[in-house]
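This report concerns only the one structure given below.
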Ligand SMILES: NC(=O)c1ccc[n+]([C@@H]2O[C@H](COP(=O)([O-])OP(=O)(O)OC[C@H]3O[C@@H](n4cnc5c(N)ncnc54)[C@H](O)[C@@H]3O)[C@@H](O)[C@H]2O)c1
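Numbering (our numbering), first residue to last: 10 to 326.
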């Protein structure tokens, strides 16, 4: 018995890297899988339907069930066709893993409009479009009194939680995906659909450090901290009935470590002295000492820490 026996999954961007690991492991756990991949370059140019088919071949050779889909996830109609394909081929849909992604890193002052639009489109609209069509399907099933126990897993990034130099387009998209996941959880709770966000890691073709030596997750013969397939177990678990009480959560998965990320939370508050008045701008220097400098963001990545002396203290003279 697999954790996902009888379930049907769609995984976007499953032709390479992290998503490929998800698709293979979801199938190993018993799910029937629609392997989506446009088959383009890491910057989003071109298309190749054989990329998704190659992963279908890996899954079927290992005894699993899968079909290929070459839709562009940022196409509203293409995303609908992908969700319809799962239902037409396998009779139902239980799991959607939004994972497809590209990169076009530039410093903000050099970023072209096309670099911004492409990254926002593939990541942010590419999460919205499949999720929207899947949620319409699940709402209809719920209203028809079917028992719905569905899971959407979105792909965030530490960059979306913490920012990074040269990635304003990607940070905006991934930060948006983190909040999109929470709002989907809120919209769909009454219909039996949960929504969570996973920030993955692993050496894939998307990372310049990987060079030509990209090893796909199903090609590793032993454990490696670089293996993008290390994220798969968390995705399988979130997709399973073991996780029915987990929704609206965000996780960072790096090698063998899973970190729970809290969403935007209210920090320290200061209230104007006295009552029935607003702040004077000059008074805010004192308030900011408490609000900002006594509650520094801990930071995870180099350069994330606020450093140096308080500008507010300097402003106070
Ligand atoms: N690898 C990491 O360390 C890491 C870290 C943080 C986040 N991520 C995220 O994980 C996801 C997977 O990245 P990866 O590192 O495995 O990269 P990858 O390039 O190996 O895989 C991404 C896949 O998405 C596909 N894709 C791109 N645009 C598409 C589109 N419009 N429609 C359908 N498919 C499309 C690509 O063809 C590719 O197969 C991305 O969302 C990425 O931002 C990866």
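Glycine included, C-beta positions come from ideal geometry on N, C-alpha and C.
Judged by DSSP in its simplified three-state form, residue 141 adopts helix.
The three-state reading of DSSP puts residue 41 in strand, counting E and B together. Residue 200 and residue 182 have their C-alpha atoms some 27 Å from each other. For residue 165, the CB contacts under 7 Å within the same chain, skipping 5 residues up- and downstream, are 183, 186, 187, 206, 207, 208 and 259 in chain order. In the assembly as shown, residue 79 is a buried residue. Its beta-carbon has 16 or more other beta-carbons within 10 Å. Residue nearest to residue 20 within the set 38, 10 and 46 is 46 (criterion: CA-CA distance).
Relative to ligand 1, the beta carbon of residue 21 is positioned inside 7 Å of a heavy atom. In the displayed model, residue 69 falls within a helix according to three-state DSSP.
Between residue 135 and residue 191, the gap from beta carbon to beta carbon reaches 8 Å or more.
Residue burial is scored here from C-beta neighbours: residue 150 has at least 16 other C-beta atoms within 10 angstroms and is therefore classed as buried.
Its chain contains 48, 77 and 79 as the residues whose beta carbon lies nearer than 8 Å to that of residue 58, once the 5 sequence neighbours on both sides are disregarded; these appear in chain order. If you ignore the 5 residues before and after residue 120, its C-beta comes within less than 7 Å of the C-beta of 177 and 178, all in its own chain and listed in chain order. Restricting attention to 55, 22 and 51, the CA atom closest to the CA of residue 63 is found in 22. Of the residues 101, 285 and 137, the one whose Cα lies closest to the Cα of residue 155 is 101.
Of the residues 42, 13, 180 and 139, the one whose Cα lies closest to the Cα of residue 129 is 180.
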